[in-house]
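Asker: Here the protein sequences come in this chain order: A and B. Under UniProt numbering, the first residue of the first sequence is numbered 1, with each subsequent residue one higher. Under UniProt numbering, the first residue of the second sequence is numbered 1, with each subsequent residue one higher. One structure follows; several queries about it will come next.
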Amino acid sequence: MRVEYINPFVEAAFNIIKEVLQCEVNREELYLKKSTQPVMGVAAIVGLAGDVEGRVLIDMSQETAIKVASTMNGEELTSMDELVKATITELANMVTAQAVTKLHDLGFKFDLTPPAIITGENMQVSDINVEALIVPLGLPHGKIEINVAIRERLGV
Amino acid sequence: MKTTSDFPSINERTPVGQMDGRAIKVLIVDDSMFVTKQISQILTSEGFDIVGTAADGAEGVEKYKELFPEVDLVTMDITMPRMDGVTALEKIVEFDKNANVIMVSALGKQDLVKKSLMLGAKNYIVKPLDRKKVLERVISAIK
Numbered sequence: 001m002r003v004e005y006i007n008p009f010v011e012a013a014f015n016i017i018k019e020v021l022q023c024e025v026n027r028e029e030l031y032l033k034k035s036t037q038p039v040m041g042v043a044a045i046v047g048l049a050g051d052v053e054g055r056v057l058i059d060m061s062q063e064t065a066i067k068v069a070s071t072m073n074g075e076e077l078t079s080m081d082e083l084v085k086a087t088i089t090e091l092a093n094m095v096t097a098q099a100v101t102k103l104h105d106l107g108f109k110f111d112l113t114p115p116a117i118i119t120g121e122n123m124q125v126s127d128i129n130v131e132a133l134i135v136p137l138g139l140p141h142g143k144i145e146i147n148v149a150i151r152e153r154l155g156v
Numbered sequence: 001m002k003t004t005s006d007f008p009s010i011n012e013r014t015p016v017g018q019m020d021g022r023a024i025k026v027l028i029v030d031d032s033m034f035v036t037k038q039i040s041q042i043l044t045s046e047g048f049d050i051v052g053t054a055a056d057g058a059e060g061v062e063k064y065k066e067l068f069p070e071v072d073l074v075t076m077d078i079t080m081p082r083m084d085g086v087t088a089l090e091k092i093v094e095f096d097k098n099a100n101v102i103m104v105s106a107l108g109k110q111d112l113v114k115k116s117l118m119l120g121a122k123n124y125i126v127k128p129l130d131r132k133k134v135l136e137r138v139i140s141a142i143k
């Protein structure tokens with residue numbers, strides 16, 4: 001997995017989160033996760049296909065998701081309702097859109113699926129033969145992990 | 001007798017969402033509840049009147065025709081299920097060539113924004129939405 005693909009997602013996540021939440025964001029140590037990975041409870045997932053294929057997950061706990069959505073909406077939200085889901089989906093949408101713009105500028109060509117959001121306890125994501133790079137971002141609302149699993153398309 | 005000029009008002013600025021003292025009527029077309037809410041908060045706080053919302057392009061066109069001519073401005077998302085924003089824009093302009101449609105898009109859709117402007121969109125806004133920019137672009141679209 002080449003770092004050129006990862007950086008735009010990390011930078012975009014960093015910038016967008018800082019902008020919409022108006023808070024300090026700390027980049028923590030990167031790490032790799034093997035193909036079966038537990039996720040924290042709320043995962044916005046975006047698929048990529050084209051020159052590269054894979055997916056990007058924006059992963060956080062329910063508690064963090066509710067806090068993030070509350071800040072973005074400027075009101076106190078208390079449960080994982082439709083508005084919280086729509087807000088986190090939109091956050092993922094903005095991050096991936098900005099990242100893909102950067103990647104297009106670098107000459108990579110591929111498309112994105114609209115973000116889907118999955119929520120639940122004890123979930124795992126499995127990607128066959130792809131290791132995921134995890135970039136944890138620390139913010140006052142809790143931890144958000146940018147989870148990127150991308151590979152160059154086979155046979156290209 | 002005192003006239004109003006004796007009491008200089010601190011509220012002299014008329015809200016930007018008013019033309020000739022009448023609220024500007026807006027239709028919001030967006031599949032994200034969050035974005036719809038955000039746009040509606042920004043605009044209502046400035047005196048605009050949200051007369052309708054739609055969650056996809058097809059519903060947006062329908063609502064526009066239904067509300068016509070009581071719509072001064074449409075905010076149109078680009079990526080939506082059923083019918084995308086560019087197609088919906090085309091259909092609205094076909095129906096009313098004077099329609100004021102402003103496109104809302106995340107980065108990465110420059111081609112579609114360009115296409116929309118050629119099809120008759122009056123302006124565009126990029127997400128994440130910045131209050132000041134939204135108002136600026138909206139006002140320039142209805143002038």
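For each residue, glycine too, the CB sits at the ideal point set by N, CA and C.
(1) I'd like to know whether the C-beta atoms of Val61 (chain B) and Val26 (chain B) end up nearer to each other than 8 Å.
(2) Establish whether the CB of Leu83 (chain A) and some CB of chain B are separated by less than 8 Å.
(3) Got a sec? Which residues, its chain only, sit under 7 Å from Ser140 (chain B) by beta carbon, not counting five neighbours each side?
(4) Short check: CB of Gly47 (chain B) to CB of Pro69 (chain B), under 8 Å?
(5) Got a sec, what are the start and stop residues for the beta strand (DSSP E) Leu137 (chain A) sits in?
(6) Using a Cβ-Cβ cut-off of 6 Å (strictly less than) and excluding sequence neighbours within five positions of Asp30 (chain B), which residues of its own chain qualify?
(7) Quick one: does Val20 (chain A) have its CB under 8 Å from some CB of chain B?
(8) Since Val101 (chain B) contacts Leu89 (chain B) with CB under 8 Å, what's their CB separation in whole angstroms?
(9) Would you report the Cα separation of Glu63 (chain A) and Phe34 (chain B), rounded to the nearest angstrom?
(10) Might you give, ordered along the chain, the residues of its own chain that have their beta carbon closer than 7 Å to the beta carbon of Ile142 (chain B), omitting 5 neighbours on each side?
(11) Taking C-beta pairs closer than 7 Å, name the residues in chain A that Met33 (chain B) reaches, listed in chain order.
(12) Using a cut-off of 7 Å between C-beta atoms, extract the partners of Lys127 (chain B) located in chain A.
(13) Could you name the residues of the stretch 101-123 of chain B whose beta carbon sits closer than 9 Å to any beta carbon of chain A, in the order they occur along the chain?
(14) Excluding five sequence neighbours on each side, which residues of the same chain lie with their C-beta closer than 7 Å to the C-beta of Gly142 (chain A)?
(15) Would you please verify whether the beta carbon of Lys37 (chain B) is less than 8 Å from any beta carbon of chain A?
(16) With Gly50 (chain A) as the anchor, note down where its beta strand (DSSP E) starts and where it stops.
(17) What are the uninterrupted segments assigned as alpha helix (DSSP H) that are 4 or more residues long and contained completely in the UniProt domain "Response regulatory" (25-142) of chain B, given in chain order?
(18) Taking all protein chains shown into account, do 16 or more other C-beta atoms lie within 10 angstroms of the C-beta of Tyr5 (chain A), making it buried, or fewer, making it exposed?
(19) May I ask you to list the residues that DSSP assigns as paired with Leu32 (chain A)?
(20) Just verifying my parser: in three-state terms, what is the DSSP assignment at Leu91 (chain A)?
(21) Cβ of Lys18 (chain A) versus every heavy atom of the ligand GTP: is any distance shorter than 7 Å?
(22) Should Thr79 (chain B) be flagged as near chain A, meaning a C-beta pair shorter than 8 Å?
(23) List, in chain order, every chain B residue whose beta-carbon is nearer than 7 Å to that of Pro8 (chain A).
(24) DSSP three-state label for Asp105 (chain A), please.
(25) Determine the chain B residues that contact Pro114 (chain A) at a beta-carbon separation under 7 Å, and present them in chain order.
Answerer: Short version:
(1) In this structure, Val61 (chain B) keeps its C-beta atom at 8 Å or more from the C-beta atom of Val26 (chain B).
(2) Closer than 8 Å to some Cβ of chain B, the Cβ of Leu83 (chain A) qualifies, so yes.
(3) Closer than 7 Å at the Cβ level, and outside the excluded window around Ser140 (chain B), lie Asn123.
(4) Their beta carbons are not under 8 Å apart, which means Gly47 (chain B) does not touch Pro69 (chain B) by this criterion.
(5) Residue range Ala132 to Leu139 is occupied by the beta strand (DSSP E) that includes Leu137 (chain A).
(6) Excluding residues within five positions, the ones whose Cβ falls inside 6 Å are Thr36 and Asp77.
(7) At least one chain B Cβ lies under 8 Å of Val20 (chain A).
(8) At roughly 5 Å, the Cβ-Cβ gap stays under 8 Å, so Val101 (chain B) and Leu89 (chain B) are in contact.
(9) So the two alpha carbons sit approximately 18 Å from each other.
(10) Correct list, in chain order: Ile24, Asp72, Leu73 and Asn100.
(11) Contact of Met33 (chain B) with chain A by beta-carbon distance below 7 Å involves Glu82, Leu83 and Ala86.
(12) Near Lys127 (chain B) (Cβ distances below 7 Å), the residues of chain A are Met94.
(13) Correct list: Ser105, Ala106, Leu107, Gly108, Lys109 and Gln110.
(14) Result list for Gly142 (chain A): Met60, Ser61, Glu63, Thr64 and Lys67, in chain order.
(15) Yes, its Cβ sits closer than 8 Å to a Cβ of chain A.
(16) Where Gly50 (chain A) is concerned, the enclosing beta strand (DSSP E) stretches over Val42 to Gly50.
(17) Contiguous alpha helix (DSSP H) elements confined to the UniProt domain "Response regulatory" (25-142) of chain B occur at 33-44, 57-67, 85-95, 110-119 and 131-142, taking only those with 4 or more residues.
(18) It counts as buried.
(19) Per DSSP, A:Leu133.
(20) Three-state result, Leu91 (chain A): helix.
(21) Absence of the ligand GTP is noted for the structure shown, with no ligands found whatsoever.
(22) Yes, its Cβ sits closer than 8 Å to a Cβ of chain A.
(23) Near Pro8 (chain A) there are no residues of chain B at all, since even the closest Cβ is about 11 Å away, more than 7 Å.
(24) Per DSSP, reduced to three states, the secondary structure at Asp105 (chain A) is helical.
(25) Going along chain B in sequence order, the residues near Pro114 (chain A) (Cβ under 7 Å) are Thr79.
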